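Read the structure below first, then the notes.
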Amino acid sequence: MSDHDTNADAYWAANKRLIAGSLVIWALVSFGFGILLRPLLSGIKVGGTDLGFWFAQQGSILVFIVLIFFYAWRMNALDRKFGMEE
Amino acid sequence: MSQYSLNLLFIAASFLLYIGIAWWARAKSTNEFYAANRGVHPVVNGMATAADWMSAASFISMAGLIAFTGYDNSTFLMGWTGGYVLLAMLLAPYLRKFGKFTVPEFIGDRFYSKPARLVGVLCLIVCSLTYVIGQMTGVGVAFSRFLEVENATGMFIGAGVVFFYAVFGGMKGVTYTQVAQYVVLIFAYTVPAIFISLQLTGTPLPPLGLFSETVKDGVPLLTKLDQVVTDLGFRSYTEHHSNTLNMVLFTLSLMIGTAGLPHVIIRFFTVPKVKDARWSAGWALVFIALLYLTAPAVGAMARLNIIDTVYPKGIQAETLVYEERPQWMKNWETTGLLTFEDKNGDGQIQLYNDKDEATAAKFESEFGFKGSELGINRDILVLANPEIANLPGWVIALVAAGGLAAALSTAAGLLLAISGTISHDLLKGALTPNISESGELMAARIAMAAAIGVATYLGLNPPGFAAQTVALAFGLAAASIFPALMMGIFSKTVNNWGAIAGMLSGLVFTVYYIFTYKGWFFVPGTNTLPDNAENWVFGISPLSIGAIGALVNFVVAFAISKVTAPPPQHIQELVESVRVPKGAAAAVADH
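Order-wise, the sequence lines are chains A and B.
Residue numbers for the first sequence follow our numbering, beginning at 689 and rising by one.
Residue numbers for the second sequence follow our numbering, beginning at 241 and rising by one.
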């Protein structure tokens with residue numbers, strides 16, 4: 689029983705680390721590059737405006753997609769590694 | 241073929257398709273009715289989720305919201321997509337593992353409390369019912385513009401179609417009709433956008449066109465747009481004008497609210513496995529992004545096109561002559577959504593920001609303008625887009641069918657969430673626990689029929705606050721449902737009292753803040769404080785308060801759980817089991 693618990697705890701800790709890392713990027717591209725850090729990026733010009741505008745209207749969405757697929761891929765691998773598959 | 245016949249043909253053909261699919265996908269058991277037998281492929285579910293989620297607001301209103309405001313309304317783009325990251329990582333896989341049928345059912349089981357489940361039912365019904373009103377109105381508007389029937393007739397036809405596939409098909413029928421509706425709506429949205437992008441920038445992909453140079457003068461589109469809107473006295477398109485704190489909180493509220501909307505969550509109960517729920521969230525966002533990446537391009541291009549139409553020779557005294565206005569203006573004038581008032585009696589149309597004193601004075605002395613004369617309802621942008629760009633009649637008909645698909649697919653998803661919670665949480669879970677499976681299935685169908693009736697009634701007699709209620713739906717989902725679900729999965733210590741107190745305080749706090757500015761129960765004139773930035777606490781608008789409400793929910797739930805008895809052992813084991821995919825079959829076998 690305790691073996692099982694350690695394994696489950698390690699699995700859950702790995703999941704939480706993955707989520708935390710993903711959410712840092714999630715916040716960085718939307719609230720960061722898209723809004724709060726936009727003035728810092730204003731020097732980088734993209735198609736008639738600046739990089740922050742691109743992140744707010746397109747970049748953040750593209751990164752969100754990559755994040756979800758990355759998470760699904762990593763978690764499915766973790767399921768196998770910890771023997772937690774369905 | 242006349243435009244009217246084309247519209248009729250496209251709309252009738254799409255409706256027949258939905259009905260055909262519904263007949264093929266009839267539900268025979270509660271598992272089929274609530275969760276499509278958990279046999280939906282993750283990509284298919286992603287597509288259905290995209291249609292479920294993208295409502296009349298996304299299809300009809302969003303591009304207009306961005307067009308007339310610019311950068312500041314990027315909040316909708318980030319908020320309504322960023323929620324899927326939260327859903328994919330914090331909720332969907334674990335709730336799928338839990339393996340039950342409704343959102344309140346998880347809340348009731350995890351917090352071992354019937355009252356908690358009933359609070360969940362209350363939040364779900366308020367959220368979903370307010371949301372569905374907007375869909376019914378959207379159906380009415382689309383019918384009246386494209387088929388020239390009464391609003392009410394349009395709504396009855398729409399309700400009849402939804403009735404057919406939702407009552408008979410349940411989740412199974414809704415899933416496959418939503419897939420067909422997604423295909424219709426995404427073609428309808430992107431085809432005109434591709435043509436317009438080609439005309440303006442020579443780029444067939446609208447998201448790239450937005451950042452390209454215009455064909456006419458080689459200036460980047462956004463630079464040109466900034467130039468003309470500021471020349472007309474409007475605020476620049478790409479700059480940040482709004483309160484930053486409010487912008488962040490509004491985006492966050494939309495994200496949390498999106499993740500907490502029950503009709504979206506239950507879609508993830510239909511896939512076979514936990515890992516499918518993870519993939520499926522990614523696919524949903526891919527399909528949603530096709531529209532969301534197109535929308536800002538549609539908005540910017542339409543704004544530029546309209547200004548070019550009114551000022552064919554650039555910004556000077558000679559503007560568009562009213563008698564020579566293009567056909568699309570005439571069409572939309574008859575709906576009252578586009579208005580013209582010849583203030584200076586020159587028979588020409590002027591459009592500028594006459595509320596900006598410097599511009600108003602300058603244009604009056606230089607050109608003899610006496611005020612802006614063209615009123616454009618921002619909701620007509622997407623629907624009028626093909627006409628503005630002179631596209632062939634079949635594209636206009638396609639957009640008509642697409643707008644209806646967007647409204648109907650979301651309405652069906654919402655009605656499914658409502659009827660499921662009534663038959664499964666209220667009847668089976670509380671009032672008549674001994675109901676048989678066939679009895680529950682019948683109850684679900686009757687609840688669905690009743691919900692359609694109520695939604696149609698509310699669509700016909702929209703409460704004066706219809707437009708405000710979307711704020712309420714997102715606020716409630718963000719402040720009550722999302723935190724309860726997340727704590728139920730990520731904390732073993734939050735107990736029944738904590739969850740109930742948390743949900744209620746998040747709910748009361750959010751509703752109180754919204755009513756303070758929007759009027760009590762949205763009755764005009766009963767607001768405690770005027771609804772403007774000077775009176776908002778720290779400049780936080782009532783639309784952005786959901787994120788703070790969620791915070792209140794978390795803090796109260798943890799505090800109360802700390803001072804009351806911890807959850808019993810079997811609940812802690814339940815939490816452990818939803819955290820791992822292994823052993824999911826056992827949970828399904830309960831049914």
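All C-beta atoms, glycine included, are put in the ideal place defined by N, C-alpha and C.
Here the structure is a predicted model, which means the values were calculated and not measured.
Name the DSSP beta bridge partners of residue i, please?
i               : result
K733 of chain A : A:D738
L578 of chain B : B:I616
Q588 of chain B : B:V561
Please check if any C-beta of chain A sits within less than 8 Å of the C-beta of residue i.
i               : result
G693 of chain B : no
G500 of chain B : no
W737 of chain B : no
A827 of chain B : Legend: pLDDT at A827 of chain B = 43, less than 50; position of this residue unreliable, value from coordinates given subsequently. No - not a single Cβ of chain A is within 8 Å of the one on A827 of chain B.
M318 of chain B : yes
W293 of chain B : no
T430 of chain B : no
H810 of chain B : no
L461 of chain B : yes
V815 of chain B : no
On the criterion of 16 or more Cβ atoms from any shown chain inside 10 Å, does residue i qualify as buried, or is it exposed?
i               : result
P282 of chain B : buried
G380 of chain B : buried
W264 of chain B : exposed
A598 of chain B : exposed
H810 of chain B : exposed
T804 of chain B : exposed
I300 of chain B : buried
Y422 of chain B : buried
F316 of chain B : buried
M241 of chain B : exposed
A557 of chain B : exposed
S245 of chain B : exposed
E677 of chain B : exposed
G731 of chain A : exposed
L591 of chain B : buried
H503 of chain B : buried
So, does the CB of residue i fall closer than 8 Å to a CB anywhere in chain B?
i               : result
G735 of chain A : yes
A696 of chain A : yes
M689 of chain A : Low local confidence applies: a pLDDT of 47 at M689 of chain A is under 50, so the model's placement there is unreliable, with the coordinate-based value given in what follows. Not an interface residue.
L724 of chain A : yes
A702 of chain A : no
L755 of chain A : yes
F741 of chain A : yes
F721 of chain A : no
A765 of chain A : no
Alpha helix (DSSP H) containing residue i: first to last residue?
i               : result
L425 of chain B : 408 to 441
G458 of chain B : First-last for G458 of chain B: undefined, no H or E at that position.
G746 of chain B : 736 to 758
E479 of chain B : Taken as a continuous stretch (DSSP letters only), E479 of chain B belongs to no alpha helix (DSSP H), as it is neither H nor E.
K337 of chain B : 332 to 338
S368 of chain B : 354 to 386
T315 of chain B : 314 to 326
G304 of chain B : 302 to 307
T534 of chain B : 514 to 550
A718 of chain B : First-last for A718 of chain B: undefined, no H or E at that position.
G503 of chain B : It should be pointed out that residue 503 of chain B corresponds to His in this sequence rather than to Gly. 502 to 505 is the extent of the alpha helix (DSSP H) around H503 of chain B.
Determine the DSSP secondary structure at residue i, reduced to helix, strand or coil.
i               : result
P673 of chain B : coil
E272 of chain B : helix
Q556 of chain B : coil
V561 of chain B : strand
W776 of chain B : coil
V820 of chain B : coil
S709 of chain B : Looking at the sequence itself, residue 709 of chain B is Thr, so the reference to Ser does not match. In this structure, T709 of chain B counts as helix in the three-state DSSP scheme.
T463 of chain B : helix
S242 of chain B : coil
H664 of chain B : helix
F351 of chain B : coil
P806 of chain B : coil
M294 of chain B : coil
L725 of chain A : coil
K595 of chain B : coil
K769 of chain A : helix
L448 of chain B : helix
A252 of chain B : helix
Can a CB atom of chain D be found closer than 8 Å to the CB of residue i?
i               : result
I732 of chain A : Checking the listed chains, one finds no chain D in this structure; the protein chains it contains are A and B.
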